[in-house]
Amino acid sequence: MNIRIEETFLVTEEDFINMQLSKTKYLTPKENILILRIMGIIAILCGTAAFINVRGNIYQIICWFLLIAIGLFCLSYYDVINPVIIRKQAGKFYHFNQKAINSKTIRLDHQEFSMTDEEHTIKLPVQYIYQIAETSSTVLIFFDKEEFGFVPKRVLSEEQLKLVREFFEEINKYKNV
Amino acid sequence: MAAAAAGNPVMSFKNKLKIREYSEGYRLFDLRRGSSSGREWKSSVFFFLGLAMLFILMMQRFNIVKLPVCAIVLLISAYMCTHYVYMLPKKAKLKGEHIFKSSKLLSKEYEFEIYKEYFVMKNEYEYLKRYYTDITDCLETDNIFLLIGGIEKRITVISKRCLSEKKSERLSQYFQKEMIRQYRTTRSKNKGRNAK
Numbered sequence: 001m002n003i004r005i006e007e008t009f010l011v012t013e014e015d016f017i018n019m020q021l022s023k024t025k026y027l028t029p030k031e032n033i034l035i036l037r038i039m040g041i042i043a044i045l046c047g048t049a050a051f052i053n054v055r056g057n058i059y060q061i062i063c064w065f066l067l068i069a070i071g072l073f074c075l076s077y078y079d080v081i082n083p084v085i086i087r088k089q090a091g092k093f094y095h096f097n098q099k100a101i102n103s104k105t106i107r108l109d110h111q112e113f114s115m116t117d118e119e120h121t122i123k124l125p126v127q128y129i130y131q132i133a134e135t136s137s138t139v140l141i142f143f144d145k146e147e148f149g150f151v152p153k154r155v156l157s158e159e160q161l162k163l164v165r166e167f168f169e170e171i172n173k174y175k176n177v
Numbered sequence: 178m179a180a181a182a183a184g185n186p187v188m189s190f191k192n193k194l195k196i197r198e199y200s201e202g203y204r205l206f207d208l209r210r211g212s213s214s215g216r217e218w219k220s221s222v223f224f225f226l227g228l229a230m231l232f233i234l235m236m237q238r239f240n241i242v243k244l245p246v247c248a249i250v251l252l253i254s255a256y257m258c259t260h261y262v263y264m265l266p267k268k269a270k271l272k273g274e275h276i277f278k279s280s281k282l283l284s285k286e287y288e289f290e291i292y293k294e295y296f297v298m299k300n301e302y303e304y305l306k307r308y309y310t311d312i313t314d315c316l317e318t319d320n321i322f323l324l325i326g327g328i329e330k331r332i333t334v335i336s337k338r339c340l341s342e343k344k345s346e347r348l349s350q351y352f353q354k355e356m357i358r359q360y361r362t363t364r365s366k367n368k369g370r371n372a373k
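Heads up: the sequence lines are chains C and L, in that order.
Number 111 in the numbering used here belongs to position 111 of the first sequence; there are no gaps in the numbering.
Position in the second sequence (from 1) plus 177 gives the number in the numbering used here.
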């Protein structure tokens, strides 16, 4: 497959935040999300059932409401609470380290991938890439299970994105998150 | 590769990591900056929460039916305490091993050049220049130097196995001098004395 992409971009605050959100989404095991959701549903059901059937004195009623609140917290943690915390932290981190964030150049052809900025250059055969993960806003290029480079989707055209998708799907290194 | 570093390096050496050295470095990183950081106070919170629930249950003569929430919170607290104290550090070491196995780069030989204000690590696939001011933590153990830095919190592990005792001591003194605030050591005293 013939592929040739070369783009230079500057990481904006929104890109950085999206990258952090995408990374968390990719690295969070699906089982963790499922377990927390199940726990949340159980807590809400138990709290509601106890409130309707047992009720009891004021302290017990507070306990049932607390149980429902814990359930709601568990249920919304990965979808609402965690993204809000990450956004806040990433925004703060970006402003604090703005000087260290340089423009990056990525190059990709059917043999090699490279990513260059002022202080870091990585030039790898495509087989050395661990995985490519695509989220709604970012393309993450993993060099191992944790270290990665990223390209905001706004940098790539729809056609380029399609090429990347097809190319890495062909070598079994593509994941849609 | 990227622009060449200016001036002569203070020291240069080659380094090739082994899986146990990287996993040791990753465990330390996890304790300091990763998910295990602050595990002491997190486990303390759950410990005292569990203790409080146990006290409340004791007052009710362990009538769990009467206070099911307390019993559930006690169970969760006990689990979280074990999770932070025992499971998390073990998991971190295992994760480090997984990362090392998944990477084609970490097992490759790197050439390190130590300059006055930064260090450079390079091989045929990668070039990284890192200023000491961008380093958030510099940790030294009996076997490795661990440098954590950059916006991506990248970990750089330098194995002492690849350095002579003299060079290792020189590097240790150099890092201590250049990164006064970031430098920490967990080196055993005997080894330190022997090195001197």
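Beta carbons: idealized from backbone N, C-alpha and C, even for Gly.
Does residue 14 of chain C come within less than 8 Å of chain L when only Cβ atoms are used?
no
Under 8 Å between C-beta atoms, does residue 256 of chain L make it to chain C?
no
Does any residue of chain C have a CB that is nearer than 8 Å to the CB of residue 321 of chain L?
no
Cβ contact check for the stretch 247 to 263 of chain L and the stretch 186 to 200 of chain L: 3 or more pairs under 8 Å
no
Find the residues of chain L that neighbour residue 63 of chain C, judging by a C-beta separation of less than 9 Å, and give them in chain order.
244, 245, 246, 247
Give the secondary structure of residue 345 of chain L by DSSP, where H, G and I count as helix, E and B as strand, and everything else as coil.
helix
Residues in the same chain with beta-carbon distance under 8 Å from residue 41 of chain C, minus the five sequence neighbours each way, listed in chain order, please.
71, 75
Quick test of your reading: residue 289 of chain L and residue 200 of chain L, contact by CB under 8 Å. State the CB separation rounded to the nearest angstrom.
Not a contact, Cβ separation roughly 20 Å.
Could you say if the stretch 286 to 301 of chain L and the stretch 236 to 243 of chain L meet the contact criterion of at least three C-beta pairs nearer than 8 Å?
no
Taking residue 316 of chain L and residue 363 of chain L to be in contact with their CB atoms under 8 Å, please state how far apart those CB atoms are, rounded to whole angstroms.
7 Å
The beta strand (DSSP E) enclosing residue 152 of chain C, as first and last residue numbers
148 to 152
Where in the stretch 69 to 147 of chain C do unbroken runs of the beta strand (DSSP E), each at least 3 residues long, occur, reported from the N-terminal end onward?
104 to 109, 112 to 116, 120 to 125, 131 to 134, 138 to 142
May I ask you to verify whether the stretch 34 to 52 of chain C touches the stretch 99 to 107 of chain C, counting CB pairs closer than 8 Å and requiring at least 3?
no
DSSP three-state call for residue 287 of chain L: helix, strand or coil?
strand
Can you give the Cα-Cα distance for residue 176 of chain C and residue 121 of chain C, rounded to whole angstroms?
26 Å
Only counting the same chain, and skipping five residues up and downstream in sequence, which positions put a Cβ closer than 7 Å to that of residue 144 of chain C?
130
Identify the residues that DSSP records as bridge partners of residue 312 of chain L: which are they?
L/326
8 Å is my cut-off, CB to CB: does residue 307 of chain L come that close to chain C?
yes
Whole angstroms are fine: how far does the CA of residue 198 of chain L sit from the CA of residue 284 of chain L?
11 Å
Counting only C-beta atoms, is residue 304 of chain L closer than 8 Å to chain C at any point?
yes
Kindly list, in the order they appear in chain C, the residues whose Cβ is closer than 9 Å to that of residue 260 of chain L.
Residues of chain C passing the Cβ test: none, with the nearest at roughly 12 Å.
Can you tell me where the beta strand (DSSP E) holding residue 297 of chain L begins and where it ends?
295 to 299
Within its chain, find whatever has a CB closer than 8 Å to the CB of residue 374 of chain L; leave out the 5 residues flanking it on each side and keep chain order.
One cannot answer for residue 374 of chain L here, as it falls past the ends of chain L, which runs 178 to 373.
Looking only at its chain, what residues have a beta carbon closer than 6 Å to the beta carbon of residue 168 of chain C, apart from the 5 residues adjacent to it on each side?
132, 174
Is residue 335 of chain L helix, strand or coil when you go by DSSP?
strand
Quick one: any contact between the stretch 306 to 322 of chain L and the stretch 333 to 348 of chain L, if contact means 3 or more CB pairs under 8 Å?
yes
Can you list, in chain order, the residues of its chain whose CB lies under 6 Å from that of residue 373 of chain L, leaving out five sequence neighbours each side?
With a pLDDT of only 38 at residue 373 of chain L, under the threshold of 50, the placement of this residue in the model should not be trusted, and no figure is reported.
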